[in-house]
Structure formats: C-alpha cells, structure tokens
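In my numbering, the protein residues as written are 5 to 190.
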C-alpha cells in the first residue's frame, strides 16, 4: 500500500510539473507549441516501466492537461488523441528495448538513462505526427503538414531530449536521495 501511494504521489507531482512546463512553453511564433509535458510523461513511463496502467493513466491525464492549456486553435481533441495513442506506442517500444539482451546486461540505473535518451526523441516524433495528423483531419492546419512539422515538431524533439534528460537526472537523483534518507532513518 505504501509503495502504491508513494508512486501515485510522485506521478501526480510530475504531471503537475508537466502541466506547468506546457503552460509556460512559448509558441515559437506559430499557433503550435513544443510539448514539454511529454518529457514528464516519458519520465513517468520510465519510472513505472512495469505498470502499464499507471503509464496509460498518466498519458490520459497529460492529454487532458495539454488540451486545457493548448495554444493551437481547436487543438483540445487532437491533444487527447495524441497522448493516448503516443503512450501506447511508446510503452510498447520501451518494453521491447528493455527486453533486448544487451540492455538487460546493463545495471538498472543506466538502463533507465539509455531508455530515456531513446524514447524522448522517438516519442516526441510520434506525438508530433499524431497531433498534426489528427488536427489536420479534425480541424485543419494553419499551414502545410510539412512546414508545421519542420517548425514545431523538429525543435520540440531537440527541446524534449535536452530538457527531458536534464529533468530525468534531477528526478532520479531526488528519488534516490529520498530513498536513502528513508532507509537511513530506520
């Protein structure tokens, strides 16, 4: 029970941080913005790699949060579709990578860093494509798919990789220190 509560609280804090990051991220001069909430979603997924339900719930909540804070005209439904589909695809990719023989030989902490470095750009690419496709189908795009992909998705891939790795290391360090203090105090 204690572990589930602890995991729930940690996921909630990370989702709130993702919401805040999504809210303050600029639009790059277009009606579309890089999705920094994805970095937090992927961090939650790596931290909950054995728990598909937690990852799916985090994806749904992230979709709702980004829908509430989107700067894309009528981008609410495409945001929700994007996050739900992305979390499922990226979870499958993540589990496949964790099960590779050479990844299994690496210690857990380094595995998580490697997986984060892989899924952050891949997941952002998948998310950007799904968002643009669903927005194109449902509400239309304010420009061509290719131009919006080049101007919004490609910079978001780089931003999410850099910011996501930075955030993942800070979060991982905080979790490890928290665990150390808990064990030490007993």
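For glycine and all other residues, C-beta sits at the position ideal for the given N, C-alpha and C. In this text the structure is predicted, and so the values were computed from the model without any measurement.
Check your understanding: Comparing the C-beta of residue 104 with each C-beta of chain B, is any distance below 8 Å?
Key -> The structure shown has no chain B; it contains just one protein chain.
Exercise for review: Write down the C-beta distance between residue 169 and residue 139 rounded to the nearest angstrom, noting that I regard them as a contact closer than 8 Å.
Suggested key: Residue 169 to residue 139, Cβ: 28 Å. No contact.
Check your understanding: So does the region 85-94 actually touch the region 145-157, counting three or more Cβ pairs closer than 8 Å?
Key -> no
Check your understanding: What's the gap between the Cα of residue 238 and the Cα of residue 74?
Key -> No statement about residue 238 is possible, as the shown extent of the chain runs from 5 to 190 and does not include it.
Check your understanding: Which residues in the same chain have their Cβ closer than 7 Å to the Cβ of residue 190, if we skip the five residues on either side of it in sequence?
Key -> Low confidence applies here, because residue 190 scores a pLDDT of 45, under 50, leaving its location unreliable; read the following figure in that light. No residues qualify anywhere along the chain.
Review point. Using DSSP with H/G/I as helix, E/B as strand and the rest coil, what is residue 4?
Key: The chain is shown only over 5 to 190; residue 4 falls outside these bounds and no answer can be derived.
Check your understanding: How would you call residue 77, buried or exposed, if buried means at least 16 neighbouring beta carbons within 10 angstroms?
Key -> exposed
Review point. Among residues of its own chain, excluding the 5 on either side of residue 128, which ones have a beta-carbon nearer than 6 Å to its beta-carbon?
Key: 42, 160, 161, 164
Check your understanding: Do the region 44-54 and the region 110-121 make contact, defined as three or more Cβ pairs closer than 8 Å?
Key -> yes
Review point. Nearest to residue 131 by alpha carbon, out of 106, 95, 72?
Key: 95
**Study point:** Cβ neighbour criterion (16 or more within 10 Å) applied to residue 79
**Key:** buried
Point to revise | Segment contact, 8 Å Cβ cut-off, at least three pairs: the region 12-31 with the region 55-73 | key: yes
Review point. How far does the alpha helix (DSSP H) with residue 98 in it reach, from first residue to last?
Key: 80-102
Point to revise | Burial state of residue 83 (16 or more Cβ within 10 Å) | key: buried
Review point. Cα separation between residue 108 and residue 145?
Key: 43 Å
Review point. Nearest CA to the CA of residue 22: which residue from 63, 29, 44, 8?
Key: 44
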